[in-house]
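Reading the sequence shown from the start, the letters are residues 2 to 729 in this note's numbering. This report concerns only the one structure given below.
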Amino acid sequence: MKLLEKLNAQQRQAVTADPGPVLVLAGPGSGKTRVLTHRIAYLVSHVGVPSNQIMAVTFTNKAAREMGNRVARLLDETADKQTAARSSVSLGTFHSLCARMLRREAERLPFTREYVIYDDTDQESLIRASFKELNIDPKQVSTRKIHGGISRAKNELIELKDFSAENYNAEITRRVYERYQEKLRINNALDFDDLLLFAVRLLQENDDLRLQYQQRYRHILVDEFQDTNTAQYVLLRNLAGLQPDLFVVGDPDQSIYRWRGADYRNVHRFRQDYPDAQLILLEQNYRSTQTILDAAMAVIDRNPNRQPKRLFTERGEGVKITLHEAYDENDEAGYIVNTIANLTLMEKIDPGDCAVMYRTNAQSRALEEAFLKAGLAYRIVGAQRFYGRREIKDVIAYLRLIHNPHDQVALLRVINTPPRSIGAKTIEALLDTAERLQLTPYETLSSLVTNPDGDAGSLITGRTNRALSDFGRQLQGWLAQREELSIDALIDRIMQDIDYRNYIDDGTEEGLERWGNVLELRAAAQEFAQMGLTTFLEHVALVSDQDTLTESLNAPTLLTLHAAKGLEFPIVFIIGLDNGVLPHQRSFNDAEAMAEERRLFYVGITRAQDRLFLLRAFRRRQAGVSTLSDASPFLDDLPPDQIEGIHPNRYAWDQVSFQRQTRWRESAVPETQAHFQAGMRVAHPQFGEGTVLSTQVEFGDEEVTIIFDDGETKHLVASLANLEILTE
């Protein structure tokens, strides 16, 4: 069978598995995408499954596009002309597939099919507005923390009616949750979590619809299953039905998005819910050398409660892993720039073969400065960099407003951009009038235009009325042409009407670049000319970090370890292997968080194909202060015979280079004395003020238990916590 010729034995077993629940645990670089695409092609071309009965779900638009292209090529290679309907396979992310479902079934839901999807900035805007209306001081309670609590509740399918407030913070979250949801409803908008929440509700509350979708999608395949959250898992269970052909591929060892709600325990739940499921391991790695794989396994094997995998490769042992200790973060960055320059010169590698990975975004500063100082180009993978630029968000907000004129967040962004004599007082008058008349701001604007002597006109008078009426007429003109103009033509019309170029292009290089960004957006919109404004806005809202990664620049890539998931590079540098950086200090008293930090390091190691460099700094600047740092405990786990440079255990780290002269030997460090006592008032730079409950000295450091004023109790390591004593 030609389709199976290039598969190894484990891959072939997975692709040809009998229908039913199948769990494929795929090690890094083991060809999981190959297995998924071949499975789809096998079902269509050899089992005879109609392609429109197949749903394949992944986590990024880029992965979905790649999967679709691969399936198309595979079906072409089978020379089966009866499979021309392959394009009807439902491929997409969880959020995009749910978004389509909600638009199709909108008549059963409390919003219209023209709903918009609010991004993080829009959501934060609604949270701040809710705080203001509820008289909650954002200096006392973090808007981000409350927003995170609402998101976690939705990920766990906890709707407002089921949300229980067991403490002060939970009560604040509940009150903001209620106001936030009401604002979303008024704006005919959903956030990302709502896409999943409403899709699950739709299936659970409508037996006929659930059965319809189960019959429509008889074969479901899921990529990156370890990254699913509760809502996604329940969604799959509802779609799969009682006799599912549910084929899931994942690796719990690469679950690194706990902070987003991802729960690797769904892999265990799958095995419990489907006890007869076939379990298939993919252990042959096609990416890395055996030395890199052995180091990765030595690190991850320390995590408990996991399915062991013995990764192997036919690529050979490869070169040893290089460990390097720099003096500080600037020396660390300089070493990387010099090493890449030497590799480019001496070994003729391409600069684009190199990637530098770090735990937090803040670590990129020293790296960027080092590259700039050396006059070398670099790429930095950020969070939606293009779509996060001011001018792009302005244009998108105009398009969103025309798509859904009840979108208050978009309205408030553009109503005075460019300035049109609508200041804060005028906006306040508009919102107050809308609230008094129980209208949306758009309905109030329309009333000022169509019925100047009506209720709205009697409340808003003079220059305020004229300014709002002028904008209302302009908006109505765009709405009238919404259906007849293409997206790029609509952008042209808006830009011309508001003279946007003169607003952002001041003749400087920066101004020209800003206008160039608008033109780039216009070009992107042209690709959606046949699909319409709704699809284009949905694409913009759902675009992910990796979708913004361009391939054209031949330069080293700088990125966080989280952003590195799913990527691979011939040469990888991982920096910041210091205790408190990797693992992060927030994980010190949380076993689950520490296990995820270890998985994060494992993911970074396994991105490397040929060479791996691991770096730490003798001193590191934190909160503006340069302090001595300890080596990451993860370095203790690396096999000594596969390392060149410094042996990684802590004792050896303390014996090398300038440390011999500047660091106290462990035997010379005096016994640590307690600096804190129960009852002391202290302040922490992140958690605020609190009271010490207890303290103990152990392993040469002091651990302090503190109850903070927001009611949360924390166990902190004194040497890392930067605590300030307020009162004895």
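The C-beta atom is built at its ideal place from N, Cα and C for all residues, glycine as well. Note that this is a predicted model, so its numbers are computed, not measured.
Cutoff 7 angstroms; reference residue 111; Cβ partners in own chain excluding five residues on either side: Short of 7 angstroms from the beta carbon of residue 111, and not among the five residues preceding or following it, lie these beta carbons of its own chain, in chain order: 186.
Less than 7 angstroms between the C-beta atoms of residue 123 and residue 410, yes or no? Going by C-beta atoms, residue 123 is nearer than 7 angstroms to residue 410.
Using beta-carbon positions only, say whether residue 500 and residue 117 come within less than 7 angstroms of one another. With a cutoff of 7 angstroms on beta-carbon distance, residue 500 and residue 117 are scored as not near each other.
From residue 239 to residue 204, what distance separates their C-alpha atoms? Cα-Cα distance, rounded: 7 angstroms.
Just how far apart, CA to CA, sit residue 725 and residue 304? In a straight line, the C-alpha of residue 725 is about 35 angstroms away from that of residue 304.
Once you ignore the five residues that flank residue 398 on each side, which residues in its own chain have a CB closer than 7 angstroms to its CB? Hits under 7 angstroms: 411, 414, 415.
What is the C-beta distance between residue 11 and residue 284, in whole angstroms, given that I count them as a contact (C-beta under 8 angstroms)? Indeed, because the Cβ distance is near 7 angstroms, the residues count as touching under 8 angstroms.
Delimiting residues of the beta strand (DSSP E) encompassing residue 248: Run containing residue 248: 246-251, per the beta strand (DSSP E) assignment.
Does residue 720 get closer than 7 angstroms to chain B when you measure Cβ to Cβ? No chain B is part of this structure, which consists of one protein chain only.
Taking the straight line between their C-alpha atoms, what separation do you get for residue 327 and residue 578? Per the coordinates, the alpha-carbon of residue 327 lies some 11 angstroms from the alpha-carbon of residue 578.
Exposed or buried, what is residue 422 when buried is set at 16 or more other beta-carbons lying within 10 Å of its beta-carbon? Residue 422 comes out exposed.
Would you mind sorting residue 531 into buried or exposed? The rule is 16 or more other CB atoms within 10 Å of its CB. Taking all protein chains in view, the Cβ of residue 531 is surrounded by fewer than 16 other Cβ atoms within 10 Å, so the residue is classified as exposed.
By the 10 Å Cβ neighbour count, where 16 or more other Cβ atoms means buried, how is residue 658 classified, buried or exposed? Because residue 658 sits at a pLDDT of 34, beneath the cut-off of 50, its placement in the model cannot be relied upon, and the point is left open.
Outcome for residue 708 when other beta-carbon atoms lying within 10 angstroms are tallied against a minimum of 16: By the 10 Å Cβ count, residue 708 comes out exposed.
Three-state class that DSSP yields for residue 44 in the structure shown: Helix.
Tell me the DSSP bridge mates of residue 327? Partner(s): 618.
Starting from the Cα of residue 248, find the closest Cα among 505, 223, 264 and give me that residue. Residue 223 is the option with its Cα nearest to residue 248.
Cβ shell of residue 381 (< 6 angstroms), same chain only, five flanking positions each side left out: Contacts found: 559.
Can you name the start and end residues of the beta strand (DSSP E) that residue 56 belongs to? Per DSSP, residue 56 belongs to the beta strand (DSSP E) from 55-59.
Any idea what DSSP makes of residue 101, helix, strand or coil? The three-state reading of DSSP puts residue 101 in helix, counting H, G and I together.
Here's a check: name, in chain order, each residue in its chain whose Cβ is nearer than 7 angstroms to the Cβ of residue 542, leaving out the five neighbours to either side. Cβ neighbours of residue 542 within its own chain (closer than 7 angstroms, five residues either side excluded): 118, 120.
Between which two residues does the alpha helix (DSSP H) carrying residue 477 extend? Per DSSP, residue 477 is one residue of the alpha helix (DSSP H) stretching across 463-481.
Closer than 7 angstroms by C-beta to residue 662: which residues in its own chain qualify, once you throw out the five before and the five after it? Chain order, please. Reliability of the predicted coordinates at residue 662 is poor, the pLDDT of 29 falling under 50, and no value is obtained from them.
Anyone know if the C-beta pair for residue 241 and residue 607 falls short of 7 angstroms? Not closer than 7 angstroms, so no.
Between the segment 569-577 and the segment 354-368, can you find at least three pairs of beta-carbon atoms closer than 8 angstroms? With a cut-off of 8 angstroms, the segment 569-577 and the segment 354-368 count as touching, because enough Cβ pairs lie within range.
Have a look at the DSSP bridge pairing and note the partners of residue 581. Residue 581 is bridged to 585.
If we ignore side chains and look at the alpha-carbon of each, how far apart do residue 314 and residue 68 end up? In a straight line, the C-alpha of residue 314 is about 24 angstroms away from that of residue 68.
Below 6 angstroms, is the gap between the Cβ of residue 298 and the nearest heavy atom of the ligand HEM? No copy of the ligand HEM occurs in the structure displayed, which carries no ligand at all.
Leaving out five residues on either side along the sequence, give the residues of the same chain with a beta carbon under 8 angstroms from the beta carbon of residue 270. Around residue 270, the same chain offers 234 as residues with beta carbons nearer than 8 angstroms, after the five sequence neighbours per side are excluded.
Please state whether the Cβ-Cβ distance between residue 95 and residue 228 is less than 7 angstroms. Remark: C-beta atoms of residue 95 and residue 228 do not approach each other more closely than 7 angstroms.
In angstroms with no decimal places, state the Cα-to-Cα distance between residue 107 and residue 490. Roughly 29 angstroms between the two C-alpha positions.
Do the segment 679-699 and the segment 713-722 touch if we need at least three Cβ pairs shorter than 8 angstroms? Of all C-beta pairs linking the segment 679-699 to the segment 713-722, three or more are shorter than 8 angstroms, placing the two stretches in contact.
Nearest-angstrom Cα distance between residue 64 and residue 393? So the two alpha carbons sit approximately 24 angstroms from each other.
Would you list the residues sitting across from residue 690 in a DSSP beta bridge? According to DSSP, which records beta bridges pairwise, residue 690 is partnered with 684.
Selected residue, minimal CA-CA separation from residue 629, among 618, 433, 46: Ranking the options by Cα distance to residue 629, first place goes to 618.
So for residue 572, helix, strand or coil by DSSP? Looking at residue 572 - three-state DSSP - the assignment turns out to be strand.
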